[in-house]
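Under mature numbering (1 follows the signal peptide of the UniProt record, and there is no 0), the residues of the sequence shown are numbered -21 to -1, 1 to 277, in order.
Glycine included, each C-beta is placed from N, C-alpha and C at the ideal position.
A short worksheet on the structure shown next.
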Amino acid sequence: MVVTSIARRLLFFIFYNAVLATAFHWDYKHEDEWPDQCQKGKQQSPINLSRQMATETLFPSFIFEYYDEIYRAEIKNSGHTAQIQLKVAVKPKVSGGGLLSTYVLDNMHFHWNSEHTINEERFPLELHLVHYDSTKKSLAEALKVKGGVAVLAVFFYLSPDSDSEFDSLFDTLDQLNKVKLNEVKPIERLDLGDFLPRDRAGFYRYEGSLTTPNCTEGVIWTVFTNGLPISSKQLKIFSNLKTESGGNIIKNYRTLQELNDRKVQIKISPIESSTASHVAIPSVLLLYVGFFIVGDKL
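Below, the structure is given as structure tokens:
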């Protein structure tokens, strides 16, 4: 009887915790309630970046495999972000650039405004290309190992002209509010190379974490110093996406985290003029973007 009672209590405890785990809902208004390493971790992301605090390092060039292909893909609104996954048997890979291994692309998703900042300035949009170590079977398995996940981050800067290369993406993105959360919509033509800056020689490198719960650490971050253009019309489509509660996703970036004792490295692109023009976004544009996204919703 005693053994049976203990067994029942143990099963109840396991079931109760499983229910809590699946029932956990998070949002960006209650970051102080995020669990696990989100509160306790010492190597969290995102962080502020600047050339002054970084050590210049001569990393080798990146090697991108199958990044110059046109893919069929699927996009969904998770209630937190717009997420893209390629529909392909052989996934794109990246290596070199000082990375520890060859990494396979798992997904792409967006944050508006940007999560990382440069000299404490935010950008209108930040793309994360999430990769996992090719020696692992999945992203979930790779997250259990330090250095098992590598994220490439790309900033978008405001431009008066729309980039026609992204038309298929934004046409599909605009349809997501007509379907349920997590319901996928197909993208017939997605040129993956268009989502990387043309100048990929300059970037910041540091060790951090996922920027959403459970904020798992041991993630290798590459934040490119060169960006991509986006128009105000395209940017508006992101802020029209809905949350789980039905409101607009006004912002989906995490608060900046402490650097603590971490080191940040930088590889400086030889194309200094291009880097400066694409990354050093005037503050007035940032203020305009912030007003454009949230001004009529406060």
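Return the first residue and the last residue of the beta strand (DSSP E) that Ala52 is part of. Ile49 to Asn56
Test item: CB-CB of Gly126 and Leu84 under 7 Å: no
Checking 7 Å against the spacing of the C-beta atoms, do Val69 and Phe41 come in under that value? no
Count the other CB atoms, across all protein chains shown, that sit within 10 Å of the CB of Ala61; report buried if there are 16 or more and exposed otherwise. Burial is judged here by how many other beta carbons sit within 10 angstroms of a residue's own beta carbon; Ala61 has at least 16 and is buried.
Select from Val133, Thr114, Gln236 and Ser218 the residue whose C-alpha is nearest the C-alpha of Phe149. It is Ser218.
As a quick exercise: from Phe89, Lys116, Asp112 and Thr114, pick the residue whose alpha carbon is nearest that of Leu104. Checking every option, the nearest Cα to that of Leu104 belongs to Phe89.
State yes or no: is the C-beta of Gly172 within less than 7 Å of the C-beta of Asp47? yes
Rounded to whole angstroms, how far is the Cβ of Ser138 from the Cβ of Pro192, which I believe are closer than 8 Å? With 8 Å as the limit, Ser138 and Pro192 do not qualify as a contact, their Cβ atoms being about 33 Å apart.
Reduced DSSP category for Leu122 - H, G, I as helix; E, B as strand; rest coil: coil
Would you kindly report the start and end of the unbroken beta strand (DSSP E) that includes Asp85? Tyr82 to His90
Check this for me: beta carbons of Gly181 and Val198, under 7 Å apart or not? When the beta-carbon positions are compared, Gly181 and Val198 stay at least 7 Å from each other.
Do the CB positions of Glu237 and Gly20 come within less than 7 Å of each other? no
Hey, could you find the ends of the alpha helix (DSSP H) Asp150 is sitting in? Asp146 to Leu152
Rounded C-beta distance between Asn92 and Lys230? I'm assuming under 8 Å. 6 Å
Per DSSP, Gly20 forms a beta bridge with which residues? Paired residue(s): none; Gly20 is not in a bridge.
What does the alpha-carbon distance come out to for the pair Gln154 and Asp170? 20 Å
CA-to-CA distance, Pro176 to Phe203, given in whole angstroms: 8 Å
Can you give me the C-alpha to C-alpha distance between Ile63 and Thr190, rounded to a whole angstrom? 17 Å
Which two residues bound the contiguous beta strand (DSSP E) that contains Leu169? Lys164 to Asp170
Applying the criterion that 16 or more other CB atoms from any shown protein chain within 10 Å of the CB defines a buried residue, is Asn156 buried or exposed? Exposed: under 16 other Cβ atoms inside 10 Å.
Between the CA atoms of Ile49 and Ile26 - distance to the nearest angstrom: 33 Å
May I ask you to report which of helix, strand or coil DSSP gives Asn27? strand
May I ask you to report which of helix, strand or coil DSSP gives Glu196? strand
Decide if Ser224 is buried, meaning its Cβ has at least 16 other Cβ atoms within 10 Å, or exposed. Looking at its Cβ environment, which holds fewer than 16 other Cβ atoms inside 10 Å, Ser224 is exposed.
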